[in-house]
Each structure stands twice: as C-alpha cells, then as structure tokens.
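Enquirer:
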Amino acid sequence: MVADAQAIAFSGAAPAIRARGVTKRFGALVAVDHVDLTVPKASVYGFLGPNGSGKSTTIRMLCGLLTPNEGAIEVLGLRIPEQAEALRLRIGYMTQKFSLFEDLTVRENLEFLAAVQGLDRTRAKQRIDELVEAYDFADRQKQLAGTMSGGQKQRLALAGAVIHKPELLFLDEPTSAVDPESRRDFWEKLFDLADAGTTLLVSTHYMDEAERCHRIAILDHGHLVADGSPDELTRALDGRSFEVHASEPRRAQRALVGLDGVLSVAQIGNQLRVLVREGVAADASLAQALRQAGVDADVAASMPNLEDVFVSATHGAKAAMGKGA
Amino acid sequence: MKWGRLWAVMLKELRQMRRDRVTLVMIVGIPVLQLLLFGYAINMNLRGLGAGIADQANSAGSRALVMDMLATGVIRPTLTVDTPQQLMEALRRGEISVGVVVPPDFERRRLDGREAVQVLVDGSDSVVQSAAVQIAQTPLDGSRALVAGTGAREVTPQQIGIVSFYNPERRSAVNIVPGLIGVILTMTMVMFTAIAIVRERERGNMELLIATPVSSGELMIGKVLPYVAIGLVQVTLVLALGSWLFQVPIRGSLADVYVASLLLVVCNLSLGLMLSTLAKSQFQAMQMTMFVFLPSMLLSGFMFPFAGMPQIVQWFAEVLPLTHFLRLVRGIMLRGADIGELWPEVAAMAAFTAVMMTVAILRFRKRLD
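Chain order of the listed sequences is V and E. Following the working numbering, the numbering of the first sequence begins with 1 at its first residue and continues without gaps. Following the working numbering, the numbering of the second sequence begins with 326 at its first residue and continues without gaps.
1) From this set, Ser-568(E), Leu-562(E) and Gly-486(E), which residue's C-alpha is nearest Leu-510(E)'s C-alpha?
2) Quick one: does Leu-533(E) have its CB under 8 Å from some CB of chain V?
3) My guess is that Met-613(E) and Gly-556(E) are in contact by the Cβ rule of under 8 Å, so how many angstroms apart are they, rounded?
4) Considering only residues of the same chain and omitting the five flanking positions on each side of Thr-475(E), which have a CB-CB separation below 6 Å?
5) Given a limit of 9 Å on CB to CB distance, which residues of the stretch 253 to 272 of chain V reach chain E?
6) Counting only Cβ pairs nearer than 9 Å, list the residues of chain E close to Cys-63(V).
7) Below 8 Å, how does it come out for the stretch 51 to 60 of chain V and the stretch 217 to 236 of chain V: are there three or more Cβ pairs, yes or no?
8) Per the DSSP calculation, Ser-203(V) is bridged to which residue(s)?
9) Return no unless some Cβ of chain E is closer than 8 Å to the Cβ of Phe-112(V).
10) What's the C-alpha gap between Val-591(E) and Val-553(E)?
11) Kindly indicate which three-state DSSP category His-34(V) falls into: helix, strand or coil?
12) Taking only three categories from DSSP, how would you classify Leu-78(V)?
13) Report the partner residues of Ala-376(E) according to the DSSP bridge assignment.
14) What residues are listed by DSSP as bridge partners for Ser-241(V)?
15) Is there contact here, the stretch 205 to 217 of chain V with the stretch 240 to 248 of chain V, by at least three beta-carbon pairs under 8 Å?
16) Could you check whether the Cβ of Ala-284(V) sits closer than 8 Å to any Cβ belonging to chain E?
17) Does the separation of the CB atoms of Pro-68(V) and Val-39(V) fall below 8 Å?
18) Provide the residue span of the alpha helix (DSSP H) that contains Tyr-552(E), from first to last.
19) Could you check what DSSP says for Val-391(E) in three-state terms: helix, strand or coil?
20) Phe-641(E) lies in the alpha helix (DSSP H); which residues open and close that run?
21) Is Phe-242(V) buried or exposed, if buried means 16 or more other CB atoms sit within 10 Å of its CB?
22) Have a look at the DSSP bridge pairing and note the partners of Gln-154(V).
23) Taking the continuous beta strand (DSSP E) assigned at Thr-23(V), which residues delimit it?
24) Under 8 Å between C-beta atoms, does Arg-88(V) make it to chain E?
25) Measure the C-alpha to C-alpha separation of Trp-332(E) and Gln-83(V) and round it to an integer number of angstroms.
26) Does Met-94(V) come out as helix, strand or coil in the three-state DSSP assignment?
27) Does the beta-carbon of Thr-518(E) have 16 or more other beta-carbons within 10 angstroms, so that it is buried, or is it exposed?
28) Can you name the start and end residues of the beta strand (DSSP E) that Asp-220(V) belongs to?
29) Could you list the residues in the stretch 502 to 535 of chain E with a C-beta less than 9 Å from some C-beta on chain V, going in chain order?
30) Within 8 Å (strictly less), CB to CB, does Phe-242(V) reach chain E?
31) Using a cut-off of 7 Å between C-beta atoms, extract the partners of Ser-99(V) located in chain E.
32) Use the C-beta contact count for Val-472(E): other C-beta atoms within 10 angstroms, 16 or more gives buried, fewer gives exposed.
33) What is the rounded straight-line gap between the Cα of Asn-383(E) and the Cα of Pro-429(E)?
34) In the DSSP assignment, find the alpha helix (DSSP H) that holds Gly-228(V) and state where it starts and stops.
35) Which chain E residues are close to Gln-117(V), counting only those with a beta carbon under 8 Å from its beta carbon?
36) Which residues does DSSP pair with Leu-29(V) in a beta bridge?
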C-alpha cells in the first residue's frame, strides 16, 4: 500500500473510492470476486481487463446501480449502496453504450440532463454554452444525437456526464467505438478534468490508454490481479521480458512455446517478444532451446511494457504478481 | 418531487414524440380508422344479403310472403333448400347470412296465430342482425301493399320469429361510438406508455437515467402526463367525428364525458407503466398490451352484453377499467346521466389507478439488479 499512501499524501485527502472484499454473483457466476480498491482523489485510475472480466459490474456497484453480495464500498465518504441517492448528485457516469437520446438534438440532450441534475435555468444555460464551446459543438447544437459519428457521440456523452461538475466520474470503456484521433482528443479532455480536481475511473482494454493512467488495476475473471502505477507494474517485471530476433520467427516461436517457464511468445513484426515466469534463468535457456531446434536467433533482454504486465497478470494469475503491491 | 425535473422529463417526452412519425400517425390514425370502420359497418344500410330459403309449405301464401321479403332488397336469394338443417349448415359455413324457413304447416299456423315463419340469422355481424329484424316486419298475408290504404288487420309480430345465431344482442352505432372512445384509449394509452419505458431500457437510456438524481416518481409521472394530453385529443377526435358522421348524441354534459375519459386515460397509463416494469423488450410490452386489450374488448360489454356473461367472468370484468368506463360513458352520453350518479364506477377507476401507480413506482427500482 506504499503507492496508495503516497497518492493520498500527495492529494492530501481521503481516497475517492475505497472498496473492500467486494463480490458480485449472478447465479452461479462470480462476476467480481473479493476485489479491494483504493482510488485516490484527482487522479485518472484505469481499469484494465479483457471482456467479461468484471470491469462494468465493478463500476456499476461503485455507483450504486448494482448491489454487491459481499463487501463494503465507500465512495466520496458515502456508504454504497445505502447512500446511493446522495452520491448521484456528485458523480457522473458515462455508460459503455451511448445512452443519451438519439432522437433529441445535442442541445436538447444537454438541457434535459442539466434539468435532471437540478441546475436552474440560468445556470443551465450558462453551463451548456460553456460545454458546447469546450466540446466543440457550436455548429451542431441542433443536430440529432443519433446522426453523429462515434467520436462526436462520445464527446457529447462526456459533456453530459460532467454537466453538473461531478467530483467523481465513472467511464465504462468510453473509447471502444472511436477512431484513434478522437481517442487522443478524448483523453486530453479527461486530463483537463483531472487537472481541475475531478477523480476519474476509466475502464478500457487498450494498453496505450492504460499507460496514460496515474494508476491502473487489472481485472481477470472477477479477480484483481494487479494494482499500481504503470511504472511500478512494469518495473516489477524487470528481467523477465526478452526480444528474440530470428530470420524465421515462426520456427523460433514453435521452439519456445511450451518451454518450461515461458509465459507467452508473441510475434511482433520480425521479432518475438517473450515473457518468462518469475525467477527463471531465462536468458540462457531460451538461447539453448533455440540452438537445439536449429534456429538461428539472438536473444536480448528488453524493457517490460504494460502488455507484458497484462499477459503476466492474466495468464499467470497463479503467480499473483503485483497482488501484494 | 422537483418541478424542474418533472418538467424536464415531460419536455423530453414531447420532443421525442414530435420526431417519432409512427407514434404521431397512430395518435390520430387509430381513432379515425376505428371510428370509420366500426361506425360505417354498423350504420350502413345493408342490401343484398345472401339468403337461403326453405319453403316447405310451398303454398300460394308462402310464396307471396317470400316474394315480399325479397322485395325489400335487404336479402337476395342465393340458395333454395328443403330443410332448416341445410340452412343452418349453410349459415355456419358462411354461404348465406340469412335463412328463411317456412314450415309445411304454414297456413295452419298462420290462421292459429302461432309463429309461422322463422328467420335464421348469422348474428356474429350486428348489421346482419338488424337486417333480419327488418325482414321480420313483413306481413304474413301479403297485406304490405294494403296497409296504408285499407287499414288491413294487424299482424301479430310473433308470427315471424327471429333466431339469431352467434350473437345474442343487437347493437347500434349509437351504442358503439361511446364505447369506441374507451376501446381506443385502452389500446393506445396502454401501449404507448408500456413501450415508452421499455424502449429506454432497450436503447440503454435507462442506465444513464437511473444514475442521475431523477426520482422514480418524477420519471414515471413526467412520462405519463404528455400522454394524458394525447388521450384527450383522441377523445375529442372520436366525439367530433362521431357526432358529425354518425349523429351520436351527447345527452349528458360534455364536461362529464371528458372527466370520465380522463379517468380511463389515467387508469390505462398507470397500467401501461406497471406493464413496462414487467416487460423486458418492446415486443413483450406489445404482447402484454394485447393480453390486456383483448379481454377488455370482449368482456367489458363493448362487444357482448355484460349481463349475458357467466357470473365468474363478470367478476373478472369488474377489474377491467374499460367495463366501468363503458357504464359511465354510455350513461352520460346516451341516457343523459350525471357523473355523480355513477360514482361507484368513478371510485372503481380511481382505485385501479392508485393500485397500478403504486405497484409501478414500487417495482421500478433505480438499480440494474
């Protein structure tokens, strides 16, 4: 909990979210299994995990839309789900699927949300004008939301989610239907919000997005398998990641897959990226295996990246790296 | 309950409605279409109904009587058979709408003053039934031409008996139109609201809405109020067309008619909301609407007389808002009754609304599980 302590000390406040032993079952399926989370204020916290890993379910429990079977949740000092109504005034929630009204215009959608969030007429108008300007909808105010592109819809959804200036913003895979350039713009907006003091919890399955977060948590089959800053998590893998340059990468791959201690072998262009289990003297054994197979290849240590962290955490869940962080 | 939020939900509904062409067309189309269909089918002066004749007497008098019946133009002969059984079969198969049976002892019966002729009628069509009544007015002794001139002897009406199949009671346009207000409101109001909420769930809007501070009550009532206005527009449409096209009288006060209609609208909207908390998809919502609509149409007294139904069905029908509305609106429009005299119906509808609305708001949770 060293990193938590630092983050909390840095922001000088209690964490925005504290969850302990949170569990959600749907019938026999355990969607979220005893997850502990601490999200410091004014930071961007990433939720990384494959589809069906329990990211959405966790987010829904944190905003009080689902009731956990076990565990305790405290969000912005409120007990959830008991005090969920009070929390709703202070959070914004951007759903995975576009959930604004496609048959209302940009401005009508924002007007509706402003009124529902309890803004009075003058404040609502002022705030909507502000958002229309900041989110670049000046010439699209009268366009129906349903006719906009994926990126524009996401921007509108974000504008809608922050209309009441929430302290905490949940975003469930906000960029899954968006082109790379829109994604970059979208993340700029998220950092603007974090700079202004908003806490953001973003789920994603893009590595490059996870890398941008101040902290990330990796979920796999409902388990929290890693938690820390991207830096900490990658550093923990030092000495376990290798690059193999070979003239026949496919053959080299066949020689390495299944080797004791090798977690994954991924081909990236003409080279292979190999991740090994902790405490394996891999350098030599990799080279030896390649020689035995008669493959001409160089093995070099490489800098671990978040993808390695993800593979190590989800493939080798038993190794439980990072769990103690 | 905050007015600002309630208003926001209403405004949103109205704006969405304005862009939903299908709903707009249905708001006006359903009442107009139903009124024209029901109204004209009932009001039309039917001529040329296919008729079967079984003249077992085959006497001069019987032949003259049949000729007199045909002379009205209401029926035309399409089938000539020997026995009443053959007529009943033809009637069942839908080959003829009316059958005329003249028994072998026609002359004796006529002289005795007993029932001398039977008119069999396919009563599943109320228009046909009224036609049969008209035919049964034919004098037995060929005095039709003489009635005016000589004041021929009176014909005992029982001498031509009407046997109606499939539908025991005759209905008229005047009776149908007030009931039609209720039927239209039951169909459209339940459906619109049931779909309105399920649609938001299907499109994913609901997940956003329940994560905001809007309360269940604000959401439910805000969604329902715009439809109340639409319901009243439909009532006006049916009343105006009914009096213009079919001269349906409004003998009681017009305000009472609107109060009664408003009650039914609110009943149906709260029922629709309740259904929407049960339905998982728009399709299910439609099915549930039909599930309520059919018994309402059949058991409320709109199609068949209430008094003719078995006791147990009557008890069930008492639960349906349309049953109470029909008593109210027929009382007001046709018998000139005051809504105060019919207070038990008003109370029943108010109770129905209160129960449905409570169940709907309780069942609607701001949760996903």
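Each residue gets a CB set at the ideal place from its N, CA and C atoms; glycine is no exception.
Expert: Reading off the structure:
1) Leu-562(E)
2) yes
3) Not really, about 19 Å apart at Cβ, beyond 8 Å.
4) Residue placement at Thr-475(E) cannot be trusted, given a pLDDT of 37 that sits under 50; the coordinates are not used to answer.
5) none
6) Ala-536
7) yes
8) Phe-47(V) and Asp-172(V)
9) yes
10) 7 Å
11) strand
12) strand
13) Pro-402(E) and Val-423(E)
14) Leu-275(V)
15) no
16) no
17) no
18) 541 to 571
19) helix
20) 636 to 644
21) buried
22) According to DSSP, Gln-154(V) bridges with nothing at all.
23) 17 to 26
24) yes
25) 26 Å
26) strand
27) buried
28) 215 to 220
29) Glu-525, Arg-528, Gly-529, Asn-530, Met-531, Glu-532, Leu-533, Leu-534 and Ile-535
30) no
31) Gly-529, Asn-530, Glu-532 and Leu-533
32) With a pLDDT of 37 at Val-472(E), under the threshold of 50, the predicted position of this residue should be treated as unreliable, though the coordinate-derived value follows. Exposed.
33) 8 Å
34) First-last for Gly-228(V): 223 to 228, but that is the beta strand (DSSP E), not the alpha helix (DSSP H).
35) Thr-537 and Pro-538
36) Phe-26(V)
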